[in-house]
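Taking it in order: structure first as structure tokens, then the write-up.
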Amino acid sequence: MRDEEQTRGGFDLYDREEVEGVLSGAFYSPAKNGAPKKDAQADKPTHYKVICISVYTDDLKQLDDMVDALKQRGLTKANRSALIRYALGLVDVAQVPRGI
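Under this note's numbering, the first residue of the sequence shown carries the number 198, and numbering increases by one thereafter.
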């Protein structure tokens with residue numbers, strides 16, 4: 198085996214045009230049926246939304262510790278979002294301090 202073949206990992210085994218043809222045909226071409234129609238797409242759930250919020254790392258650690266404690270108590274489906282939803286139900290907005 199030539200030194201060039203060894204350094205290239207044996208890529209000389211493949212014909213460049215054949216490789217480019219496969220890549221352009223299989224990976225970079227639009228699907229034969231085109232994009233799926235809106236009717237064919239699954240309906241998105243309307244009872245919840247995925248959001249992004251910023252949380253201090255200390256608060257996130259506390260939240261994760263609470264979730265872990267719930268799981269140790271046998272609440273195997275406990276997770277961050279479930280615990281936040283539960284906590285929201287406990288908040289009395291009339292009692293929330295102004296500087297929050």
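For each residue, glycine too, the CB sits at the ideal point set by N, CA and C.
Practice task
Give the single residue among Y283, S251, R213, V247 whose Cα lies nearest to the Cα of M263.
Solution key: Y283
Problem - Under the three-state DSSP convention, the category D262 falls into - result: helix
Problem - Beta-carbon separation (whole angstroms), L260 vs L280, contact threshold 8 angstroms - result: 7 angstroms
Practice task
Assign V252 to one of three DSSP states: helix, strand, or coil.
Solution key: coil
Practice task
Pull up the CB-CB distance for A275 and L267, whole angstroms please, since I reckon it's below 8 angstroms.
Solution key: 4 angstroms
Exercise for the section: Could you please give the first and the last residue of the uninterrupted alpha helix (DSSP H) stretch that includes R277? Expected result: 277-287
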